[in-house]
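Here's the structure we're looking at; comments come further down.
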Amino acid sequence: MNLRQLEAFRAVILGQTVTRAAEMLHISQPAATRLIASLEEDIGFDLFVRAKGRLQPTAEAMTLYQEVQRSLLGVERIARAAQDIRSLKRGSLHIACAPAMGLSFLPRAIAAFMAEHDQVQISLVVHSSREIVDLVVGQRCDLGIIVLPNTYPSPRAEKLLATRMLCALPANHRLQDKATIRPEDLQGEAFISYPQSIGSRQHIDSIFAAHGVERELRLETQLSLPMCMFVEQGLGIALVDAISAVEYRGNGIVFRAFEPAIEMDFNMLLPVQGPASKLQISFLEHMQHFIAREVPADYRF
């Protein structure tokens with residue numbers, strides 16, 4: 001017994017003639033007849049009797065039909081699922097992302113992606129970039145987005161965005177009319193810093209030290225979004241990542257270029273083992289298009 005025999009059997013039940021069954025299956029009438037005959041031979045009893053030019057199913061056939069119908073509906077569901085997977089309507093992605101992009105920008109990008117792939121399931125977790133590398137290496141997530149130089153050992157690591165840190169100034173600050181802020185401009189200013197445990201802090205401090213500039217350092221936080229809130233409250237000036245500047249929705253801050261430029265690269269990582277899925281590749285392409293649309297050109301390198 002095979003699937004094609006069962007399809008022919010159901011078609012004859014529904015169409016009541018072999019001719020109609022053959023049309024439903026897009027095969028010839030003799031081929032449909034052979035399928036029914038071979039099924040009867042395999043199961044050991046007759047399925048149809050001819051009455052007034054039509055095939056009438058036997059009682060045994062109707063009992064069998066109930067099982068065949070349930071089985072074929074299951075096969076059809078599998079076929080539809082396969083079609084959905086092929087067309088990227090169905091699937092799942094476990095994404096790990098650094099906070100700079102994962103708190104606001106990436107959720108907006110995911111919402112746009114899910115609007116086009118309405119049965120895709122997505123799980124988003126936010127970790128530090130170094131933790132994300134470990135997750136990707138251990139194949140505990142499908143995609144990782146980090147804010148570190150791309151030293152990950154995979155040919156499937158893609159740079160999403162090369163940006164520069166921006167100087168966040170309170171609105172109406174004395175420096176707001178300058179197109180580019182330099183270290184010497186911030187002499188004596190209240191400055192909101194990253195903690196010492198974050199690599200960017202050492203880099204920023206070394207730039208100001210090299211220019212002989214002293215700042216008033218009284219406030220620290222590890223994320224750019226709360227930095228922006230502190231700046232808006234007039235508590236100081238900060239250097240923040242470009243994505244946080246894009247996501248800022250208030251009107252109490254102006255963002256200006258800062259020189260010397262401090263580059264921040266956003267990279268997408270995929271597990272080393274096995275080929276990337278069509279869904280992973282589709283999400284990568286979506287992110288590239290979303291970033292191109294949402295991030296101003298003057299925020300990038």
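Be aware that the sequence shown starts at 1, since it is given in full-length UniProt numbering, and climbs by one per residue.
Glycine included, every Cβ here is placed at the ideal spot set by N, Cα and C.
No experiment lies behind these values; they were computed from the predicted model shown.
- Between residue 208 and residue 183, the gap from beta carbon to beta carbon is short of 8 Å.
- Judged by beta-carbon spacing, residue 124 lies beyond the 8 Å limit of residue 279, meaning their Cβ atoms are not closer than that value.
- Approximately 5 Å separates the beta-carbon atoms of residue 24 and residue 11; this is inside 8 Å, confirming the contact.
- Taken in chain order, the complete alpha helix (DSSP H) segments of 4 residues or longer contained in the UniProt domain "HTH lysR-type" (1 to 58) are 3 to 15, 18 to 25 and 29 to 43.
- The C-beta distance from residue 240 to residue 168 rounds to 5 Å, short enough to meet the 8 Å contact threshold.
- Residue 96 sits away from residue 122, with the two beta carbons spaced by 8 Å or more.
- The continuous beta strand (DSSP E) containing residue 192 extends over residues 190 to 193.
- Membership of residue 265 in the beta strand (DSSP E) is indicated by the continuous run 263 to 269.
- Scanning its chain for C-beta atoms nearer than 6 Å, with the 5 sequence neighbours on each side dropped, one finds around residue 276 the residues 156 and 270, in chain order.
- The residues 8, 18, 21 and 22, in chain order, have a CB closer than 6 Å to that of residue 32 in the same chain once the five nearest residues on each side in sequence are set aside.
- Cβ neighbours of residue 112 within its own chain (closer than 8 Å, five residues either side excluded): 286 and 290.
- Annotation for residue 244: the continuous alpha helix (DSSP H) segment containing it runs 242 to 247.
- Annotation for residue 213: no alpha helix (DSSP H) segment contains it, and DSSP assigns it neither H nor E.
- Within the same chain, Cβ atoms closer than 8 Å to the Cβ of residue 110 are found at 95, 122 and 124, the five residues on either side in sequence being excluded.
- Contact annotation: the stretch 243 to 258 does not touch the stretch 209 to 221, with fewer than three C-beta pairs closer than 8 Å.
- Residue pairing by DSSP leaves residue 285 without any beta bridge partner.
- Of all C-beta pairs linking the stretch 177 to 196 to the stretch 212 to 229, three or more are shorter than 8 Å, placing the two stretches in contact.
- For the pair residue 204 and residue 173, the Cα-to-Cα distance works out to about 21 Å.
- According to the DSSP assignment, residue 256 belongs to the beta strand (DSSP E) that extends over 253 to 258.
- Counting C-beta atoms within 10 angstroms of its own C-beta, residue 296 has fewer than 16 neighbours from the protein chains shown and is therefore classed as exposed.
- Residue 121 is bridged by DSSP to 92.
- Look at residue 223 here: in three-state DSSP terms it is coil, with no helix or strand label.
- Residue state for residue 170 is assigned as strand, using DSSP reduced to three classes.
- Counting along the chain, the unbroken alpha helix (DSSP H) around residue 112 starts and ends at 105 to 116.
- By the beta-carbon neighbour count (other beta carbons within 10 angstroms, threshold 16), residue 267 is buried.
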